[in-house]
Every structure is written in C-alpha cells, then in structure tokens.
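Peer 1: Chains as they are written, first to last, in this note's numbering: chain A, 1 to 383; chain B, 1001 to 1347; chain C, 2001 to 2260.
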Amino acid sequence: MEFGLSKKHQLAQSLFREFAENEVKPLAQETDELEKFPAETVEKMGRYGFMGIPVPKEYGGQGCDALTYAMCVEELSKVCGTTGVIVSAHTSLCIDPIMTYGTEEQKRKYVPDLASGRKLGAFGLTEPGAGTDAQGQQTKAVLEGDEWVLNGSKCFITNGSYADVYIIIAVTGIIEKRGRTSKEISAFIVEKGTPGFTFGTKEKKMGIRGSATYELIFQDCRIPKDNILGKQGKGFGIAMHTLDGGRIGIAAQALGLAEGALEATIKYVKERKQFGRTIGQFQNTQFQIADLAAKVEAAKLLVYKAACAKETQSTYSVEAAMAKLFASETAMEVTTKCVQLHGGYGYIREYDVERMMRDAKITEIYEGTSEVQRMVISGSIMK
Amino acid sequence: MALEEYKGVYVYAQQVDNKLSGIAFELLGEARKLAAPLNAEVAAVLIGYEVKPLADELAAYGADKIIVVDDPELKEYRTEPYTHALASVINEFKPEIMLVGATAIGRDLGPRVSARVKTGLTADCTMLEIGDFPINPIPGREQKHNQLLMTRPAFGGNTIATIACPDHRPQMATVRPGVMQKIDRIEGAKAEVVEYNPGFTPDGRYVEILDIVKSVVDTVDIMDAKVLVSGGRGVGSPENFAILEDLAKALGGEVSCSRAVVDSGWKPKDMQVGQTGKTVRPQIYFAIGISGAIQHVAGMEESDLIIAINKDETAPIFDVADYGLVGDLNKIVPKLTEAILAAKAGK
Amino acid sequence: MKIIVCIKQVPDTKGGVSFNPDGTLNRGAMQAIMNPDDKAGLEAALRLKDQYGAEVTVLTMGIPKADDMLREALAMGADKAILVTDRCLAGADTWATSSTVAAAIKNLEYDLIITGRQAIDGDTAQVGPQISEHLGLPLISYAQSLKIEDGYAIVDRQFEDRYHVLKAKLPCVITALSELNAPRYMTPGGIFDAYEKEVIVWTRADLPELADENMGLKGSPTQIARASDKVRKGAGEKVNLDPDESVKYLIGKFTEKHII
C-alpha cells in the first residue's frame, strides 16, 4: 500500500493550489453573489490544460491520470465550488464518454477542442420526470433517413447554455421481453446551434450559483445519424458508466469544499478571541476540529482511491459511489460545523464558509443522491 | 592582502543629474559616527561629469576628503564606467570601509565593484557599528577588534542578521535610504579635494543609453505607501476624512480605511485595508476610529509601527498598536497634524 | 539563441523562518518555492523562446531538494535543467555563490544570461551583478522590459524616478524585476513530462573553473556574526491623556524614532 503522492502529483497539486488561490479565489464571492458564470476563468483553465487533464496527448489533452484530474477539481473547489463543478461536468460527463464510447472519428472531431478548453462540454440525462430512474425518460430520438430527430427536454444541466457539445440520453424505441416492455435508450452527441435545440429556464440555486444550470429543449432537433454515441440501445450503460466517473469528480468537489471550509475555520479559530482567549484554545473547538480533520482525511483517501481505481480497473462503480457518498456527506457536515464555529460571522456572506455550506449541499444530490449511492454500494456487496 | 593598509571610511556620494542624492548626506553622517572610534578620516567619492562643484556641499555634511572622478563617459549612470571608477578609487586609496546607498544605482554598482575588488558586500543595511568579531570571544579563535558590524533585515523582514567581513578590505555595505541620519550642515566647511581619473576606454561592457524617461507620478496604491492614515466608522462622516488627509499629507502618506467605511459608501473599495481588502505593510500605520476587528487587523498587523487613536479604551486595535491614544480623534488628529508640521518646519 | 536563467529555491517567507544553531538558515524546515524575481526571469526567457525560438537552460546552486524547483521550471517550458550541488559549496555568501554559478556557466554556451533582481530570502540583489563581473559581461539590472534586436538586448532599466532604455551587446547579464511580466503557470502535462526528463547534476568536480578559495563557507568574505528572529510585538503602550498631552506624547515618540 502506498499512500503518499508521487513527486509529479505533488507538483500538480501545488500548481492547482496556486492557480486556485490566484485566479479563482478572488472571484469566488462575486461568482456566487451575481450568479455569474466564470467564463474568463474557464478560458484560462483551457489555456493551462485544466480542461483536458486525463485526456491522452494525441487528442489534445494533457496525458495525465484520473488522480491528477480529481486533485484539480478538489483544489478548485477548495476556493470555489462553482469552478470545480464546471471542470468536473465537462471532463467526466462529456469528454469521458466520447473517449470511452466514441468512434475514432468522433474522438478526432470533438475531443481536441474540448480538451484544450476551446469548447465546453455538458451532459443531459435528467428530465423533469426522470432523475436517476432512466426508464422514466421522455426525450425521444427517432431515426429519419440520415438524421436522428430529437424531441423532449432535459433539466438541471450543468454548464447549460455555456457548453458547445452535449451528450444527450434519449429513448430510441421500445423493447418487448417476455411480455414486458421497456424503453430502449441511446446516447447522442448534440452540438450547440443545431436548429431545434434551445435553452429554457436558468435555475436559481441555493449553491454553486455561478454554475449555469439550464433546461435544454429539443423540438424536432435534427442531428446526423453518425452522432449516436456507442451502439443504439446502449445508452443506459453509457449513462451509468459515465456517472461512475462523474461521481469521482463530484466526490473531489465535495472533498475540496470540506477542506476549504476546514482550512478557513482553523485560521479563524486561531484569531478570533472570546473571553480573553482565542476560541481555538477551547477544548470544544479543538475536539471538533480534530473530528472534522479525521473525516476529511478519510474522504480524501476514498476519493483518491476511486480515482486510482478508474485508471486500473474496468469497473469502479462501488469505489466511486463510496467516495461520493462519504465525501459529500462529510462536506455537508464539515461546512455546517465550520459555519457554527464561525458563530455569527459564519452566517454572513463576507465569510467563505457560508457559501461553502450552500455549495456542499448539492454534492449530496446531483449525479446520484446519497440514497442512490447507498443503493449502488449495497447492491454490489449484498448480491 | 595587508588589511592594515586600508584606512578611512569612504562613502559613494551618489549624484543624479548633477544633484547629490539624499543618501549621500545620510552616508556621510553615518561615516562620521563610524570614523570616530577608528580615528579615521571620512572621504566622499564623487563620480560623474562636471560634478566638482558639488564637493563643497559634501564637505558641509562631514566629508574630510572628496575624491572626484570626472569624465564625459560618466555623464549618466552606467554600470561599467562607474564600476571602473569606484573600483579604481578603492584600489588606489584603499579605504577600510566603503559605504554605498542601497538605491537602484547603488545596488547595481555595489555588487559589481565588490566582485571586481574581491571583497564581501553586505546589502541593504539598517544599522552599522564598530565592534568585535566574533561578537563574543570563542576559545581557540582570534577575536578581531574594530570590525564593521553590518546589520540588516532578511527573509522579508522576518529576521535580523549581523554580518562581518573580517578578512577582506574594504568592508563594504549598501545602506538603506532613509535610515541613517545626516549631520547638521556645517557652513563653510572645506575638505581636501583630490581629482583622480583612472582613464575610460569603452569596450563591449559599456552599454548604450538610447533614452531616458523620467516618470510622472502614477495613481497611488495604498500598498506602496510608507505612511498610511486609516480611518474607520469612528471618523463619523466622509467629510471628516479631511482631517485624516491633512495628517497623511503632513507625513507624506496616504489615506486608507476600514471595511465599515467602504460599506457605508464613504470611500472606494481600493482604499480598504483588511482581509477582504488589501494587505498593507507601511512603515507607519495610523488606525483612527477603527475598532480593530480581526478582519481589519489581518490586513495591517505587519506594519512597522502602529498607532491607534480610539475613544473606546477596550477596542481590540490597542492590542496590536505600538502606541495607543485613548481619546477623541476629532481633537487629537488636527493637533497632531499641527505639531508634526511645526516640528518639521523647526528642523 | 541560448539563454541561461539562474534560479534559486527560497523559503516562502510568508510562513516564518527557522535557523540552524550556527546562524545559517534551516531551509529544510520551510516551504520552498522558486524565487519570484527568478520566475519573472524565466518567463522572460520563455517569451523570447516563444517569439524567436531559443533553448532555455535553468541553472541553480542548492541542495538536492532544489530538484523540485527545476522540475517546475521544466514544466513551465525550460528545455534543460542543471543542479549544482555539493556539500563543499554550502554556506556560501554572495561572492562565493556568484563565483560558483559563474564557474558553472563557463561550462555552457550562451547568448544571454538572466537572473532575478533579488531573492526573497536574502534580498541582496548582488548575485546577478557579481556573476556578470566574474564573466566580464555587460550588466543591466532592474529590467522592467526586454527585447532582443540584431544581437543586442534592449532593456528598460528601472530607477527610482525614471527608466533608461539601454542597449547591450549579447552576451550580457540581465537581472529581472517581478514587474517584468506575470509568469505563466505550469501545465499538468508539462509536469508529467518534466519528470520524464533528466536534471543534470554537477558537483565540485564538474566545475574546473572554480578555485577552492572562492567557494562555500570558506570562500565567503562575509560571515554571520549574529542572526535572530524579529521579535514579535504584542500590545504596546496605551495612554489616556487629554488631547494636548496625547499629541505631545506621540511627537516625543516620533522624535525618538527619527520619524520627524
């Protein structure tokens, strides 16, 4: 067992940390307050290769691994949860399925622009009536000649109107098996600007407010026949496998939020004085900090382990689910307690922990709620 | 090298545009102090073109001797001919101590000269004294007397180090401007003036000056100010900041403020000191009508000297202040400005 | 064009500092970073490389741990990295350091040498100018801009109240100000590549041009007599007087401290 980071991972971590401190942190409050998508930061991240970290160099990426990518999302999220999820959704939910299931032509066509940050990616699975339950999908894709015709809508889509390339899950038919019918589901690559593809409401959210969360609307949206991703009818598996990777990104985001809140709080309790002592000198504070630090460390080990599993194993659903479950619940607990340790200051927007607590909540919900993660884990170990 | 051959405390009398820089007088003042225990003469090295008329002024501020290197090649400061001039003076006159201002010129000239004459150089000194090295006797090791002990801050001001140069001469230091005291001007003082020209032959090391661009004053950044007069909500109104501005002007400083002032719309955000504003580190920081919330203190606690004026004597700002005045800022501040101006005028 | 950039690994002074019993710095106890002015120098070299094409070699003298900083330089885009390291070089002051670095440079081909103006640990600004002297090269320090034209470096050289536009024949030594540019970040892929490259390590034996009397602690004309932490200050004096007395008190303090 080797728990230490290699030299190159350490250096990568210091890069992400420096970038986050200098480029991301100064904008975090404004990003949240004004619900402003940090387009300039995304442009900079593209320039420095952050938008294609685990992508092979031949496709314009950085040729690094999933651990490096997870550390990037973690460090960004330490200072700004919004920026973390932008990278995560782009990398895990758009580039990754193209790299895994795309034809060579699709990879050549889409990945270099995505990996270099010239284009941004998004993923559309969720619908008003179908979250985790893929069988509830209503969006349809019908093959007419050389084109797929999409109709329906997707909601809560991260990177919403700012993305250029979307992975869209849609129903392509009905399957009858032993008298029971089920939906045949497929995945597609849809480009922004395709006629019939528009954006609906921009959601107003509790946290990650700078991330542009939109409804996607398809009305007779015609895409080339070749834009199907993977084989027809394999969309459910593609979506699930994609979410496995995505969960590592979200787990890393949650980890970053927890670490960021804890760091800010440690600094705060060493400075803040009450009753003639810093509040860090009270044992209650010390013990709470100790508990939080232990949980953050445990979350980190699970997240890094899941990232390493993605490199070495063909399936890593359980690792990813455990990492996401534990890291997101840790993030919620740590940020909540950090707000408490800040007292009144923790409740005002001037202090970062207030934002971090709001940002943390979504990590227990999106890309599979904590309940879904428990289903995945128990389903695997109790079968 | 026979160390005892080296005698005298020399200063590089920096001039720009044939006007002596303030550092030249400060170094002479310090040189006089150092020369006393050594019973040595104080010499100024004046390098430039048509600079001889400046010699009298150097005499008035304490030079016993002035060595003038005057040559057309020295019209503007350039590294190589100035290095040649000063290094030649050192080799010819063999000073025991050579002081150079830690200015943009001195920090270029000093190291180049020290490398040429093969001696040590201590940078950016804030205190000089004559003493023993090692400072405390060490058994089995010679303790040398009458050494120049050069003290300087290092590591971003986190530490103080005292340096000696026991086996090489001259003992060279660059000295931070504004730290040493010039002596009171001695009217009509005369000094021995020695003209010396080592000869200047331009070679590949001479650079060409294509242009000289004198800068106009930019907009002020509170992070660059040496003196900051910072006001908080206790100042009472935006108009009342005028008394802070007067104080700042009297000390050549700038006005800054706390978060409360920005939140009240009295001052723009770029004047805010604190965790969510700017971190400043001036030589003098006045916190006037500022209670001293952590978020403010985090942005100014590294200031060299902190003065707090507040009517609430339990205000936390007093915990970080070097000097705390409990009282009404409206009464104290104008009187303080007046007193400072009076003291300056009297000088 | 071949450019050598001299860089130094320094303790990040933001985190406080620590000393060995002999008064020298305990570098192991502090977070180590690439000196900011040196990084600006490296960025200047990389921009010349982007613009005209150049081979950029970074050179440092330091402990083996300086390898980390050299990898960072490679990850930013430097082509070659050289670490000069030997126990007998330790304890060097600026004279001995500049002599050693100059001796290492003599092993190399170069058209331009760039150093940072000063390092944040010593703040001396001496090593760059002293290297130029040891190599007999023209020197331009405090560079706030840099371009290369027909075998000459054209530099805006900063002074307190002006700048000079200077033209020096290559090869020359330039010391860079942080204001020269905003250094680029590494890229993640650059980091992975940097660890595939070789860092060239030179010891005393690889520096034939270096005389024994010019290196290490013994070759250092300056010696530390005393070193200490700056004393952290707590609360100072607090007085509660009438306004006139308050002002008098403060003016007294100012006079004591030569502020007025």
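The beta carbon of each residue, even a glycine, is placed where N, CA and C say it ideally should be. Given the structure is predicted, the values throughout are model-derived calculations rather than measurements.
Leaving out the 5 sequence neighbours to the left and right, which residues in its chain are closer than 8 Å to residue 298 of chain A when beta-carbon positions are compared?
Peer 2: Counting from 1 along the first sequence, the entry for residue 298 of chain A is found at position 298. Taken in chain order, the residues that qualify are 326, 330.
Peer 1: Return the residue from the list C:2111, C:2193, C:2141, C:2118 that minimises the CA-CA distance to residue 2171 of chain C.
Peer 2: Numbered from its first residue, the third sequence carries residue 2171 of chain C at position 171. Checking every option, the nearest Cα to that of residue 2171 of chain C belongs to C:2111.
Peer 1: Between the alpha carbons of residue 1077 of chain B and residue 1017 of chain B, how many angstroms are there, rounded?
Peer 2: As a working note, residue 1077 of chain B is residue 77 in the second sequence. As a working note, residue 1017 of chain B is residue 17 in the second sequence. Approximately 9 Å between the Cα atoms of the pair.
Peer 1: Check residue 1255 of chain B in the structure and name its three-state DSSP category.
Peer 2: The residue labelled residue 1255 of chain B in the question sits at position 255 within the second sequence. Of the three classes helix, strand and coil, the one that applies to residue 1255 of chain B here is strand, per DSSP.
Peer 1: According to DSSP, is residue 1105 of chain B helix, strand or coil?
Peer 2: Residue 1105 of chain B sits at position 105 when you count from the first residue of the second sequence. Residue 1105 of chain B: coil per DSSP, three-state reduction.
Peer 1: In whole angstroms, what separates the C-alpha of residue 1206 of chain B from that of residue 2164 of chain C?
Peer 2: Here residue 1206 of chain B is taken as the residue at index 206 of the second sequence, counted from 1. Here residue 2164 of chain C is taken as the residue at index 164 of the third sequence, counted from 1. Residue 1206 of chain B and residue 2164 of chain C: Cα-Cα distance of roughly 14 Å.
Peer 1: For residue 1022 of chain B, does the count of other Cβ atoms within 10 angstroms reach 16, so buried, or fall short, so exposed?
Peer 2: Here residue 1022 of chain B refers to the residue found at position 22 of the second sequence. Its Cβ having fewer than 16 others within 10 Å, residue 1022 of chain B is exposed.
Peer 1: Suppose contacts are defined by Cβ-Cβ distances below 8 Å. Is residue 1087 of chain B in contact with residue 1107 of chain B by that definition?
Peer 2: Position 87 of the second sequence, counted from the first residue, corresponds to residue 1087 of chain B. Position 107 of the second sequence, counted from the first residue, corresponds to residue 1107 of chain B. No. Outside cutoff.
Peer 1: If you run the structure through DSSP and keep just helix, strand and coil, what is residue 293 of chain A?
Peer 2: Within the first sequence, the letter at position 293 stands for residue 293 of chain A. It is helical.
Peer 1: Any Cβ of chain B within less than 8 Å of the Cβ of residue 30 of chain A?
Peer 2: Counting from one through the first sequence, the residue named residue 30 of chain A turns up at place 30. Not closer than 8 Å to any Cβ of chain B, the Cβ of residue 30 of chain A fails to qualify, so no.
Peer 1: Counting only Cβ pairs nearer than 7 Å, list the residues of chain C close to residue 1122 of chain B.
Peer 2: Along the second sequence, read from residue 1 onward, the residue named residue 1122 of chain B stands at position 122. Going along chain C in sequence order, the residues near residue 1122 of chain B (Cβ under 7 Å) are 2222.
Peer 1: Check whether chain C comes within 8 Å of residue 1236 of chain B, counting only Cβ atoms and requiring the distance to be less than that.
Peer 2: Residue 1236 of chain B sits at position 236 when you count from the first residue of the second sequence. With 8 Å as the cut-off, residue 1236 of chain B does not count as an interface residue toward chain C.
Peer 1: Does residue 2192 of chain C come out as helix, strand or coil in the three-state DSSP assignment?
Peer 2: Residue 2192 of chain C sits at position 192 when you count from the first residue of the third sequence. Of the three classes helix, strand and coil, the one that applies to residue 2192 of chain C here is helix, per DSSP.
Peer 1: Using the DSSP secondary-structure output, state which residues sit across from residue 1079 of chain B in a beta bridge.
Peer 2: The residue given as residue 1079 of chain B occupies position 79 in the second sequence. Paired residue(s): none; residue 1079 of chain B is not in a bridge.
Peer 1: With a floor of 3 residues, list each beta strand (DSSP E) that falls wholly inside the stretch 176–220 of chain A, ordered by position along the chain.
Peer 2: With a minimum length of 3 residues, the continuous beta strand (DSSP E) runs that stay inside the stretch 176–220 of chain A are 180–191, 197–202.
Peer 1: Any beta-carbon of chain C closer than 8 Å to the one on residue 1328 of chain B?
Peer 2: Working through the second sequence from its first residue, we reach residue 1328 of chain B at position 328. Yes, contact with chain C.
Peer 1: Do residue 2156 of chain C and residue 1215 of chain B have their C-beta atoms closer together than 8 Å?
Peer 2: The count along the third sequence starts at 1 and reaches residue 2156 of chain C at position 156. The count along the second sequence starts at 1 and reaches residue 1215 of chain B at position 215. In this structure, residue 1215 of chain B does not lie closer than 8 Å to residue 2156 of chain C by Cβ.
Peer 1: From which residue to which residue does the alpha helix (DSSP H) around residue 365 of chain A run?
Peer 2: In the first sequence, the residue the question calls residue 365 of chain A occupies position 365. Segment: none, residue 365 of chain A is in no alpha helix (DSSP H) and carries neither H nor E.
Peer 1: Tell me the DSSP bridge mates of residue 152 of chain A?
Peer 2: The residue given as residue 152 of chain A occupies position 152 in the first sequence. Bridge partners of residue 152 of chain A: A:218.
Peer 1: Hey, is residue 2055 of chain C's beta-carbon within less than 8 Å of any beta-carbon in chain A?
Peer 2: Numbered from its first residue, the third sequence carries residue 2055 of chain C at position 55. With 8 Å as the cut-off, residue 2055 of chain C does not count as an interface residue toward chain A.
Peer 1: Could you tell me how far apart the beta carbons of residue 332 of chain A and residue 261 of chain A are, in whole angstroms, since I believe they sit closer than 8 Å?
Peer 2: Translated into the one-based positions of the first sequence, residue 332 of chain A becomes position 332. Translated into the one-based positions of the first sequence, residue 261 of chain A becomes position 261. That belief does not hold up - the Cβ atoms of residue 332 of chain A and residue 261 of chain A are roughly 10 Å apart, past 8 Å.
Peer 1: Between residue 1258 of chain B and chain C, is any beta-carbon pair separated by less than 8 Å?
Peer 2: Counting from 1 along the second sequence, the entry for residue 1258 of chain B is found at position 258. Output row for residue 1258 of chain B: interface = no.
Peer 1: Between residue 1290 of chain B and chain A, is the shortest Cβ-Cβ distance under 8 Å, so that the two count as touching?
Peer 2: Numbered from 1 along the second sequence, position 290 holds the residue referred to as residue 1290 of chain B. No, no contact with chain A.
Peer 1: Between residue 2034 of chain C and chain A, is there a C-beta pair that is closer than 8 Å?
Peer 2: The sequence position of residue 2034 of chain C within the third sequence is 34, counting from 1. For residue 2034 of chain C, the answer is no, since every Cβ of chain A falls outside 8 Å of its Cβ.
Peer 1: Roughly how many angstroms separate the alpha carbons of residue 2036 of chain C and residue 89 of chain A, rounded to a whole number?
Peer 2: The count along the third sequence starts at 1 and reaches residue 2036 of chain C at position 36. The count along the first sequence starts at 1 and reaches residue 89 of chain A at position 89. Their Cα atoms are separated by approximately 34 Å.
Peer 1: Under the DSSP definition of a beta bridge, which residues are partnered with residue 2011 of chain C?
Peer 2: Along the third sequence, read from residue 1 onward, the residue named residue 2011 of chain C stands at position 11. The partner list for residue 2011 of chain C (beta bridge, DSSP) reads C:2032.
Peer 1: Identify whether residue 1267 of chain B lies in helix, strand or coil by the three-state DSSP scheme.
Peer 2: Within the second sequence, the letter at position 267 stands for residue 1267 of chain B. Residue 1267 of chain B falls in the coil class under three-state DSSP.
Peer 1: Which partner residues does residue 2239 of chain C have in the DSSP bridge list?
Peer 2: As a first step, residue 2239 of chain C is located in the third sequence; it is residue number 239 there, counting from the start. Residue 2239 of chain C pairs with B:1325.
Peer 1: So, using beta-carbon positions, are residue 1060 of chain B and residue 1187 of chain B closer together than 8 Å?
Peer 2: The residue labelled residue 1060 of chain B in the question sits at position 60 within the second sequence. The residue labelled residue 1187 of chain B in the question sits at position 187 within the second sequence. Yes, Cβ-Cβ distance for residue 1060 of chain B and residue 1187 of chain B is below 8 Å.
Peer 1: Hey, would you say residue 2265 of chain C sits closer than 8 Å to residue 2061 of chain C, going by beta carbons?
Peer 2: Because chain C here runs from 2001 to 2260, residue 2265 of chain C falls outside it and cannot be looked at.
Peer 1: Residue 1072 of chain B: buried (16+ other C-beta within 10 angstroms of its C-beta) or exposed?
Peer 2: Here the question's residue 1072 of chain B lines up with position 72 in the second sequence. Residue 1072 of chain B comes out exposed.
Peer 1: Residue 1218 of chain B: buried (16+ other C-beta within 10 angstroms of its C-beta) or exposed?
Peer 2: The residue given as residue 1218 of chain B occupies position 218 in the second sequence. Confidence at residue 1218 of chain B is low in this model, with a pLDDT of 49, below 50, so the placement of that residue is unreliable and no value is reported for it.
Peer 1: Taking all protein chains shown into account, do 16 or more other C-beta atoms lie within 10 angstroms of the C-beta of residue 179 of chain A, making it buried, or fewer, making it exposed?
Peer 2: Here residue 179 of chain A is taken as the residue at index 179 of the first sequence, counted from 1. Classification of residue 179 of chain A: exposed, given that the 10 Å Cβ count is below 16.
Peer 1: Mind listing the chain C neighbours of residue 337 of chain A? Cutoff is C-beta to C-beta under 8 Å, in chain order.
Peer 2: Along the first sequence, one-based indexing puts residue 337 of chain A at 337. Result: empty, since nearest Cβ-Cβ is about 27 Å, beyond 8 Å.
Peer 1: Considering only residues of the same chain and omitting the five flanking positions on each side of residue 2108 of chain C, which have a CB-CB separation below 7 Å?
Peer 2: Counting from one through the third sequence, the residue named residue 2108 of chain C turns up at place 108. Result list for residue 2108 of chain C: 2004, 2057, in chain order.
Peer 1: Which residues, taken in chain order from the stretch 2181–2194 of chain C, show a beta carbon closer than 7 Å to some beta carbon of chain A?
Peer 2: Those would be 2185, 2186, 2187, 2188, 2189, 2191, 2192, in chain order.
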